[in-house]
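Structure first, commentary second.
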Amino acid sequence: MNNYINNLHPEIKEYFKILSPEFPDWLVDYIDTLPMQRLKHISMNCGLDYCKLFNIQYWYSTLDHSVAVALIIWHFTHDKKQTLAGLFHDIATPAFKHCIDFLYGDTLVQEATEEKTALMISNSKEICTLLKKDNIKIEDVIDYHIYPIADNDTPRLSADRFEYNFSSGLSFYRIWQLDTIKEIYQNIEILVNEDNIIELGFTDLKVAEKYIDTVCKLWPQWISDKDRTAMQFIADIIKSMNFSDYLTIDDLYTLSERKIIEKILNCKDDYLKNNFIRFQKTISFYGSNSFQKDKYCINIDVKKRYITPLVKHNGKIYRINDISLKASRDIEQYLNLKHFKYTGFNFDFKPYK
């Protein structure tokens, strides 16, 4: 196996074996291409690894996520086109991931950065050569949205959504162990939903309820005051660096996150540099229903990520919230969470405009 696999965190290696007991050898050459290797240096945690606000277990890269999505698709379809579309779905992700959606004002949908995907793939001679060898057309792998096992609309279950809930529950906010993931994953098969479209779903109601009962503890972390404040702060720093000509938008697609942080810490603008250092060191944040004039203060809504999976029960297929009162309450409780109108940090920072 190649260096990428050999150098993975031990738990990620075991996790990958759950997703696909046999690693598809043909996938390795695609993983080793330069556009995919770039993703090793982009965290799935949207830059939150670089501050003290979060208890992140270990580094989980966007490449790790992409490979895991591909493994899920391969496990259920054994279709190379769908698997590659899943592998490539984040190929155009910039450094700091969804923080850049925040920079563009896309906090609710968080898809503003996806438009470069086709360009990244078609401009890679390595990928195009491999696709030609496998007799696969570029148009078959540039948009994973066309494959419902790979991707579908929230709150349906897809390989992408399944994966980032699994991995975030391991590395970002610990909610389960590998044996629980294995139990859940082995209960999944391809079902047909209410729109007559194939979709991943559960075959046992109790396992589906266990999944929702566990994963619903993760979802609030992604929309917490702390999380959205930190992501917006990173977006505001990046925006200010770009405004001051210390950083280009292209840098987000060519430099690692750590290199960009070096640029911030070494720039000649003490205001930007010192406030980023304050962000890295802070262990507190605030929430308020009134605007805080002399502190970093934001007012944003964010995308609510959640799942209401299909479940097969007594020969029929249901949405979990239509058949389980417990799961329905768990989901509704999350969707009805209330937050402070304003959040921020206890130091004053105003981004450049």
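Residues in the sequence shown are numbered consecutively from 4, following the numbering used here. Even for Gly, the Cβ is constructed at its ideal location relative to N, Cα and C.
7 Å Cβ cutoff met for residue i and residue j
i	j	result
LEU2	ALA73	The structure shown does not extend to residue 2, since the chain spans only 4 to 356, so no value can be given for it.
ILE130	ILE145	no
ALA162	ILE75	yes
ILE201	VAL195	yes
ILE34	PHE79	no
TYR63	SER170	yes
GLY204	LEU313	yes
THR132	ALA95	no
ALA88	TYR150	yes
PHE343	ALA238	no
ASN339	SER331	no
LYS242	PRO354	yes
ILE286	LYS55	yes
LEU250	LYS266	yes
ASP248	GLY290	no
PHE288	PHE236	no
ILE226	ASP333	no
Candidates the options: closest to residue i by CA position
i	options	result
HIS92	PHE175, HIS148, GLN224 and ARG177	HIS148
GLY172	PRO13, TYR18 and ASP333	TYR18
GLN189	ASP198, PHE175, TYR176 and PHE165	PHE165
LYS83	LYS135, PRO97 and CYS219	LYS135
THR206	ASP216, ILE193 and GLU197	ILE193
LYS306	PHE288, LEU275 and MET234	MET234
ASN126	GLN283, PHE236, ASP230 and PRO38	PRO38
PRO27	ILE8, ASN302, ASP143 and CYS49	ILE8
LEU181	GLU197, ARG308, GLU14 and ILE252	GLU14
SER174	ASN6, ASN5, HIS12 and LYS356	HIS12
THR217	LYS16, ASN302, ASP32 and TYR337	TYR337
ASP154	PHE294, ILE303 and GLN85	GLN85
Residue environment, residue i, which counts as buried when at least 16 other CB atoms sit within 10 Å
i	result
GLY347	buried
PRO97	buried
LEU122	exposed
GLU118	exposed
GLN40	exposed
GLU335	exposed
LEU268	exposed
ASN138	exposed
ASN5	exposed
SER23	buried
ILE103	buried
ASN10	exposed
SER259	exposed
TYR274	exposed
TYR61	exposed
ASN278	buried
Strand pairing of residue i, partner residues [DSSP]
i	result
PHE348	TYR299
GLU202	LEU194
TYR355	Answer is none; TYR355 lacks a bridge partner.
HIS316	LYS319
SER161	According to DSSP, which records beta bridges pairwise, SER161 is partnered with nothing at all.
GLY290	THR346
SER46	SER64
Inter-residue CB distance, residue i and residue j (contact presumed, cutoff 8 Å)
i	j	result
LYS296	PHE350	The pair is not a contact, with the Cβ atoms about 13 Å apart (cut-off 8 Å).
TYR167	HIS44	With 8 Å as the limit, TYR167 and HIS44 do not qualify as a contact, their Cβ atoms being about 18 Å apart.
TYR345	ASN292	7 Å
LEU51	ILE59	7 Å
ILE184	ILE21	6 Å
ILE178	LYS220	5 Å
CYS49	LYS16	Actually they do not touch by this definition, with Cβ atoms about 24 Å apart.
Heavy atom of the ligand FAD within 6 Å of residue i beta-carbon
i	result
GLU265	Looking at this structure, you won't find the ligand FAD or any other ligand, since it has none at all.
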